[in-house]
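Q: Below is one structure. I have some questions about it.
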Amino acid sequence: MNEKGLKQSKLIYWASGIVSICGLIFEVLFGALGSYILGDGVKQYTLTISLFLTGMGVGASISERVTKDLVVAFIWTEFLVAVVGGFSSFLMFGMTAFAPAGSDALFLYTVTFTIGALTGVELPVLIRKANDIGVELNKSTARVLFSDYAGGLVGGLLFAFYLRPEMGMVKTAFFVGVINLSVAVLVLFYFREEIKKFSFHLGSAIFIGILLISGLFFGEELAFSFEQKLYKDPILHMENTSYQKMVLTKDDEDTRLFLDGALQFSSTDEYRYHETLVHLPMAYKENVRDVLVLGGGDGIAVNELLKYEGLESITLVDLDPAVVDFAKENPHLRELNDGALDDPLVDIQHKDAFKYLKATDKRFDTVLIDLPDPNNESLNKLYTKEFYSLVRNHLRADGVMMAQATSPVFAPEVYWTINETVEATDMNTYNFHVDIPSFGNWGFVMASRKEVDIENVSIDVPTEFLNEEIVPALTVFGKDEDREILDSDGQVKNLEPNTLIHPNLIQKYEQAWKDY
């Protein structure tokens, strides 16, 4: 092999590694898009990986038909990857905002399969071109595949630790598309002597480059306007944290916080939620000194706790430091939590709640579980028998736990499964629900190691909604909220506890909320 062939073969290996990085990034990007917009992360990542790999197989089969102009075939494959992949996130948000229901999922799955197929064309073409240059087949195959597999690791790390948190999903797609296009242009120039219609290919690359760079600089702003359609009120702040997408909206006096598209609170009625969450368990436990709050990074529950004298410590465990920092600094949230997160009694731990409970040996008088609904796998583990067992083990003998447990009206099977799961830890459970206009009817499960007389309640702190007279009404459930869930044959369902080994809550949650 001459010097020119050696340089070209090295370029092929580098090109295979780079396009592999891009392909892997697109694959996990599509999984993240599906998880964020369509929900059920495991389902979306499973479909993404399956469709992408199936597409690769189809693409590899198609590559057999490329019998000449291998370089041109590779270049145009990269052009297509750059355009389809680059505009994928941008168009996905547009579909979500304007297209009929279900079309966004169809679009995502089609794009995933298409990029997979194009990726499947890349490697066989590069291997054959390296072989044409003079590299032995076994070496060309091994080296291209090594570059491909090694590039996959780099792509995954880049997406998880830099691209998604720093650039977001729209910019990431355009940026990776630009990389694919750059590889195509580099190959175009290296092999220009054997390429016919060089000017045509170069002109096409320039045109695609203008589209992608325009998208890189302006696409996120347009996608923001698309996403605004998903929210009722104007967006004040949008941020991709290391763990989730945080959106704050405001209209007149109504401030709302969303995490991954799910409403966390509305300032117009949050007091109904937080007073029920905080003051009921505090009313049933005397001499509370140490309180643990799991979740609640907005600081509103902590602010309710600070109404009590005699507290010695409030430990707040919230995984995402960006949410806590935002709650400390944003004037709208700070007005709601009254700067509670800066109080010296508050110890903030940025840890996974499950891991925190496994690691600490501290016991608490009251544990408040103010976590998002179990709509994905990472949250599901915080609604399992194993998790509630850890909570029980960190309660003092006469301690009380209170957990938000979604709506017994919209998702009765989910609510009572959560109750069944807590009961499986040998704690006594007590059920409450309250009407919250922005959420609807919302349920809570209180639990204790020792039995509690729920008729003996005393609320001694200022509230806007909760009083001793209304508490008994919160324990009464209508027929459509009843614990006896009937199946299609009219038989009472046997609700099984949700566990790490046999998770059953996510599917129930997804099924219950699909029409709301």
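For the sequence shown, the positions run 1 to 516 when UniProt numbering is used.
Here a beta-carbon is modelled for each residue, glycine too, at the ideal position from N, C-alpha and C.
Here the structure is a predicted model, which is why all the values come from computation and not from measurement.
1) Name the DSSP beta bridge partners of Gly443, please?
2) In terms of alpha-carbon separation, which member of Tyr509, Phe326 and Gly296 lies closest to Val412?
3) CB-CB under 6 Å to Tyr273, same chain, minus the five flanking residues each way: which ones, in chain order?
4) Cα separation between Met421 and Leu495?
5) Quick check for students: name the residue ranges of the alpha helix (DSSP H) that lie wholly in the segment 289 to 334, counting only runs of 4 or more.
6) Starting from the C-beta of Ile454, find all residues in its chain whose C-beta is less than 6 Å away, skip the five residues before and the five after it, and write them out in chain order.
7) Are Phe159 and Val42 touching if we call contact CB-CB under 8 Å?
8) Please classify Ser199 as buried or exposed, where buried requires at least 16 neighbouring CB atoms within 10 angstroms.
9) Can you give the Cα-Cα distance for Ile470 and Phe52, rounded to whole angstroms?
10) What does the alpha-carbon distance come out to for the pair Ala60 and Ala117?
11) Tell me the residue span of the beta strand (DSSP E) that contains Val367.
12) Taking the alpha carbon of Thr417 as the reference point, which residue from Ser389, Leu371, Pro344 and Tyr383 has its own alpha carbon closest?
13) Going by beta carbon distance, what residues of the same chain come within less than 8 Å of His502, once the five residues before and after it are set aside?
14) Under the assumption that Val183 contacts Ile18 (Cβ atoms under 8 Å), give the Cβ distance between them as a whole number of angstroms.
15) Could you tell me whether the Cβ atoms of Leu259 and Phe265 are closer together than 8 Å?
16) Using only the alpha-carbon positions, how far apart do Glu468 and Ala283 sit?
17) From Val409 to Gln491, what does the alpha carbon distance come to, in whole angstroms?
18) Only counting the same chain, and skipping five residues up and downstream in sequence, which positions put a Cβ closer than 6 Å to that of Asn428?
19) For Lys10 and Val154, what's the separation of their Cα atoms in angstroms?
20) Relative to the C-alpha of Ser267, which candidate in Ile179, Leu188, Leu474 and Pro331 has its C-alpha closest?
21) Tell me the rounded alpha-carbon separation between Gly31 and Tyr243.
22) Report yes or no: do three or more beta-carbon pairs, one from the segment 364 to 382 and one from the segment 332 to 339, lie closer than 8 Å?
23) Where does Ile501 sit, in a helix, a strand or coil, going by DSSP?
24) Can at least three beta-carbon pairs, one atom from the segment 359 to 367 and one from the segment 392 to 403, be found at a separation below 8 Å?
25) With 16 other CB atoms within 10 Å as the buried threshold, where does Lys514 fall?
26) Is there contact here, the segment 158 to 174 with the segment 233 to 248, by at least three beta-carbon pairs under 8 Å?
27) Can you tell me where the alpha helix (DSSP H) holding Glu270 begins and where it ends?
28) Hey, Glu270 and Ile300 are a contact pair by Cβ (cut 8 Å); roughly how many whole angstroms apart?
29) Would you report the Cα separation of Arg192 and Lys7, rounded to the nearest angstrom?
30) For a test of the three-state rule: what should DSSP assign to Ile195, helix, strand or coil?
31) Looking at Arg289: is its Cβ nearer than 8 Å to the Cβ of Leu311?
32) Straight-line CA distance for Arg128 to Leu319?
33) Confirm, please, whether the CB-CB distance from Gly177 to Gly34 is below 8 Å.
34) According to DSSP, simplified to helix, strand and coil, what is Leu137?
35) Would you kindly report the start and end of the unbroken alpha helix (DSSP H) that includes Lys355?
36) Can you tell me where the alpha helix (DSSP H) holding Leu70 begins and where it ends?
A: The structure says:
1) DSSP, once it has assigned bridges, lists His433 as partnering Gly443.
2) The question names Val, but residue 412 in the sequence shown is Pro. Out of Tyr509, Phe326 and Gly296, Tyr509 has the C-alpha closest to the C-alpha of Pro412.
3) Contacts found: Ile436.
4) With the sequence shown as reference, residue 421 is identified as Thr, and Met is not the correct amino acid for it. Approximately 9 Å between the Cα atoms of the pair.
5) Those alpha helix (DSSP H) runs which fall completely within the segment 289 to 334 and span 4+ residues are 300 to 305 and 321 to 329.
6) Within the same chain, Ile454 has close Cβ partners Tyr430.
7) For Phe159 and Val42, no; Cβs fall outside 8 Å.
8) Counting Cβ neighbours within 10 Å, Ser199 comes out exposed, since fewer than 16 surround it.
9) Approximately 55 Å, taken between the alpha carbons.
10) Using only the alpha carbons, I get a separation of about 7 Å.
11) Element bounds for Val367: Phe364 to Asp370.
12) When only C-alpha atoms are compared, the closest one is Tyr383.
13) If we look at His502 and ignore the five residues flanking it on each side, its Cβ neighbours are Glu496.
14) Contact between Val183 and Ile18 holds: their C-beta atoms lie close to 5 Å from each other, under 8 Å.
15) For Leu259 and Phe265, no; Cβs fall outside 8 Å.
16) Spanning the two alpha carbons is a distance of roughly 10 Å.
17) Just so you know, the alpha carbons of Val409 and Gln491 end up roughly 19 Å apart.
18) So the qualifying residues of the chain are Ser448 and Glu451.
19) Between the alpha carbons of Lys10 and Val154 lies a gap of roughly 19 Å.
20) Per the Cα distances, Pro331.
21) Distance from the CA atom of Gly31 to the CA atom of Tyr243, rounded to whole angstroms, is 15 Å.
22) Flag = no, the segment 364 to 382 and the segment 332 to 339 do not touch.
23) The answer is coil: DSSP assigns Ile501 none of H, G, I, E or B.
24) Cβ pair count under 8 Å is three or more, so yes.
25) Exposed: under 16 other Cβ atoms inside 10 Å.
26) Flag = yes, the segment 158 to 174 and the segment 233 to 248 touch.
27) First-last of the alpha helix (DSSP H) with Glu270: Glu270 to Ala283.
28) Separation of the CB atoms of Glu270 and Ile300 is rounded to 6 Å, and the pair is thereby assigned contact status at 8 Å.
29) Rounded to the nearest angstrom, the two C-alpha atoms are 14 Å apart.
30) Reduced to three states, the DSSP call for Ile195 is coil.
31) Yes, the Cβ-Cβ distance between Arg289 and Leu311 is below 8 Å.
32) Between Arg128 and Leu319, the C-alpha separation is close to 49 Å.
33) Cβ distance not < 8 Å, so Gly34 and Gly177 don't count as in contact.
34) At Leu137, the pLDDT of 47 sits below 50, so the modelled position is not reliable; the number obtained from the coordinates is stated separately. Secondary structure at Leu137: helix, using DSSP grouped into helix, strand and coil.
35) First-last of the alpha helix (DSSP H) with Lys355: Ala353 to Ala359.
36) Leu70 to Gly86 is the span of the alpha helix (DSSP H), which, as asked, contains Leu70.
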